[in-house]
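*Asks:* Starting off with a structure, shown below.
There are 2 protein chains.
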Amino acid sequence: MRKIKVCAVQFACSSNIKQNIKKADEMVHVACQNGANIVLLQELFSNIYFCQIENYDFFSLAEDVNNSILIKHYQQIAKKYHVVLPISFFEKDNNCYFNSLVVIDADGKILGLYRKSHIPTGQCYEEKFYFAPGDTGFKIFNTKYGKIGVAICWDQWFSECARIMTLQGAEILFYPTAIGSEPVLDKDSKNHWQNVMIGHAAANIIPVVASNRIGEEKIGNSSMTFFGSSFICDEFGNVKKQLNSVDEGYIIEEFDLDEVNKHRYSWGIFRDRRVDLYGDILKMSIKK
Amino acid sequence: MRKIKVCAVQFACSSNIKQNIKKADEMVHVACQNGANIVLLQELFSNIYFCQIENYDFFSLAEDVNNSILIKHYQQIAKKYHVVLPISFFEKDNNCYFNSLVVIDADGKILGLYRKSHIPTGQCYEEKFYFAPGDTGFKIFNTKYGKIGVAICWDQWFSECARIMTLQGAEILFYPTAIGSEPVLDKDSKNHWQNVMIGHAAANIIPVVASNRIGEEKIGNSSMTFFGSSFICDEFGNVKKQLNSVDEGYIIEEFDLDEVNKHRYSWGIFRDRRVDLYGDILKMSIKK
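Those protein sequence lines, which keep their order, are chains H and X.
Here the working numbering is used: the first sequence runs in plain steps of one and ends on residue 288.
Here the working numbering is used: the second sequence runs in plain steps of one and ends on residue 1288.
Put into structure tokens, the structure is as follows:
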């Protein structure tokens, strides 16, 4: 038996960085008081979601992973609470900017860096303007509490990403997220968003934890509202805990990773994959 | 606008082949009276699910695709009702036996043959005893009413299969199925089964139609009960129609394929895939 408690938080962010970090810290504190071993904060939680608009000024927000005040702060927090923290941040590396995260282990050490592979664009999600497509490939992190796969927001829409993290030995998948209103498309993407991740969980027989911000954010003449709905589902894709679209809060769910792993191998999916037939996955499109 | 009506049926099967076919024919008749353009019958619907046990006698049930009474019969039915019919059958080809299907177009012509790629095994699902793993690769069929991807039962658990059919240009996915009780695992797989396919729909932005048999079937000392729950979900993974686990019946849902295809490309998933990072999909496992 190898029981761990995972947590997803959600809150509204402002352009007051200190305030956002204070809010995140309070959430982590309460989650850890309630036994959380791994706490997932939102994508780019230390600020407003600046990608809503294209503005060169925002490049100044980026930090070097080895010299990041944000990351150093959360290394202290992780060590203090013996908690694992995936920390999403805006990364600058020489002339390249990435939408990145580090996973900090329960002793405060950085286990590794992941750079968001899939970069969206379109009104209110102008990420291609800021971020180069990640070059790290999909990654898992061998934390004190288990092997975790972590990918970022738009990554969560791609079955290949979830599959590869599971093939690497991930035992739980985490997705920090910033998603909300669609100003052009006539669409509320909340169910769609959740259904994709439910599918990753069920198809890979692995729990999924997703954390998304809430609240309205205005930048200049632009505005968008994030739909929260952070959730945790089990390895069969059944939603176990879920927050609503307007309130701040956190959810905690316990999993026995030995039990989960037993479910994964005993169902036979990873015995029966036909890798000899999957070559076309490497194509953008197939002419038929 | 390109509206089509798709249908999934479910019924109990016996060892009386003529009776099963009569039942299927009645279902197709009623579905077509109600406007169905494509009707999905269950996996291996012409008989009991003989794979429940390992018995050499059942090999005699297999037919050559070019000389199949079953297929010839449904070519007539398809032509009569101007309906597209994926027909699941037990195929013999020289010394190889496959779990196969043909798709019959609305004019009665056979559009092609697909052989189930992923073959399960385990108590009550002894398919590896009967069937060689399919060698056709995943396929789509350009029918009168649209391009459809069809795969068979255990195939539906694999995200690669759904993805590749969508990359080939599929506009709707169909899965004929035979799934029910687990005599060894402590598990009701109904939700898990459905969550995986909901995920395929949402991740590929494509409607999914699944048809599963119901009823208890006994062969010798073995017995199992199929859970039906045939369903149709839309391109966001939302279940639109669903049957229960005990009653025979059919469900019909209309889709505007132009609208669905617009949703698919406008969401940007197929623009942003990172095929340069997906190579590990071709491995059975990745050492980390």
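Idealized CB from N, CA, C, for every residue including glycine.
Opposite residue 275(H) in the DSSP bridges: which residues?
*Replies:* Per DSSP, none; premise fails for residue 275(H).
*Asks:* Would you say residue 183(H) reaches chain X, if we count a Cβ-Cβ gap shorter than 9 Å as a contact?
*Replies:* Chain X, which has no Cβ nearer than 9 Å to the Cβ of residue 183(H), makes this no.
*Asks:* If the cut is a Cβ gap below 9 Å, which residues of chain C does residue 186(H) touch?
*Replies:* The structure shown contains no chain C; its protein chains are H and X.
*Asks:* Please classify residue 165(H) as buried or exposed, where buried requires at least 16 other C-beta atoms within 10 Å of its C-beta.
*Replies:* By the 10 Å Cβ count, residue 165(H) comes out buried.
*Asks:* For residue 1154(X), which residues in the same chain have their Cβ closer than 6 Å to its Cβ, ignoring the five residues on either side in sequence?
*Replies:* Same-chain partners within the cutoff: 1118 and 1120.
*Asks:* In its own chain, which residues sit with a C-beta less than 6 Å from the C-beta of residue 1070(X), not counting the 5 before and 5 after it?
*Replies:* So the list reads 1046 and 1089, once near-sequence residues are dropped.
*Asks:* Hey, which unbroken runs of the beta strand (DSSP E) at 3 residues or more fall wholly within the stretch 1151 to 1233 of chain X?
*Replies:* You should have 1172 to 1177, 1208 to 1212, 1214 to 1219, 1222 to 1227 and 1231 to 1233.
*Asks:* Drop a sphere of 10 angstroms on the beta-carbon of residue 1276(X), count the other beta-carbons inside from all chains shown, and report buried for 16 or more, exposed for fewer.
*Replies:* So residue 1276(X) ends up on the exposed side.
*Asks:* Can the beta-carbon of residue 1143(X) be found less than 9 Å from the beta-carbon of residue 1084(X)?
*Replies:* It is a contact, given that the beta carbons lie within the stated cut-off.
*Asks:* Output, in chain order, the set of chain H residues within a Cβ distance shorter than 7 Å of residue 1284(X).
*Replies:* Correct list: 273 and 275.
*Asks:* What's the call for residue 1115(X), buried or exposed, on a 16-neighbour Cβ count within 10 Å?
*Replies:* Classification for residue 1115(X): buried.
*Asks:* Give me the chain H residues within the contact set of residue 1202(X), using Cβ-Cβ distance strictly less than 7 Å, ordered along the chain.
*Replies:* 192, 195, 196 and 199, listed in chain order.
*Asks:* Between the beta-carbon of residue 51(H) and the beta-carbon of residue 160(H), is there less than 9 Å?
*Replies:* No. Outside cutoff.
*Asks:* Using a cut-off of 7 Å between C-beta atoms, extract the partners of residue 1280(X) located in chain H.
*Replies:* The contacting residues are 164 and 167.
*Asks:* Got a sec, what are the start and stop residues for the alpha helix (DSSP H) residue 36(H) sits in?
*Replies:* It is not in any alpha helix (DSSP H) - residue 36(H) carries neither H nor E in the DSSP assignment.
*Asks:* Buried or exposed: where does residue 1230(X) fall if 16 or more other Cβ atoms within 10 Å of its Cβ makes it buried?
*Replies:* Residue 1230(X) should be labelled buried.
*Asks:* Using DSSP with H/G/I as helix, E/B as strand and the rest coil, what is residue 145(H)?
*Replies:* Note: residue 145(H) maps to coil in three-state DSSP.
*Asks:* Considering only the beta carbon of each residue, do residue 1237(X) and residue 1202(X) sit closer than 9 Å?
*Replies:* Contact flag set, yes.
*Asks:* Using a threshold of 9 Å, state whether the C-beta atoms of residue 1007(X) and residue 1031(X) are closer than that.
*Replies:* Yes. Within cutoff.
*Asks:* In the DSSP output, what is residue 252(H) paired with across the bridge?
*Replies:* Residue 252(H) is bridged to 7(H).
*Asks:* What separation, rounded to the nearest whole angstrom, lies between the Cα atoms of residue 1211(X) and residue 1182(X)?
*Replies:* Roughly 19 Å between the two C-alpha positions.
*Asks:* Would DSSP call residue 1280(X) helix, strand or coil?
*Replies:* If DSSP states are grouped into helix, strand and coil, residue 1280(X) belongs with the helices.
*Asks:* With a threshold of 8 Å on Cβ separation, who are the neighbours of residue 111(H) within its own chain once the five nearest residues in sequence on each side are excluded?
*Replies:* Within the same chain, residue 111(H) has close Cβ partners 102, 103, 104, 105, 141, 142 and 143.
*Asks:* Counting pairs of beta carbons, one from the stretch 1026 to 1041 of chain X and one from the stretch 1067 to 1081 of chain X, are three or more of them closer than 8 Å?
*Replies:* At 8 Å Cβ cutoff, the stretches touch.
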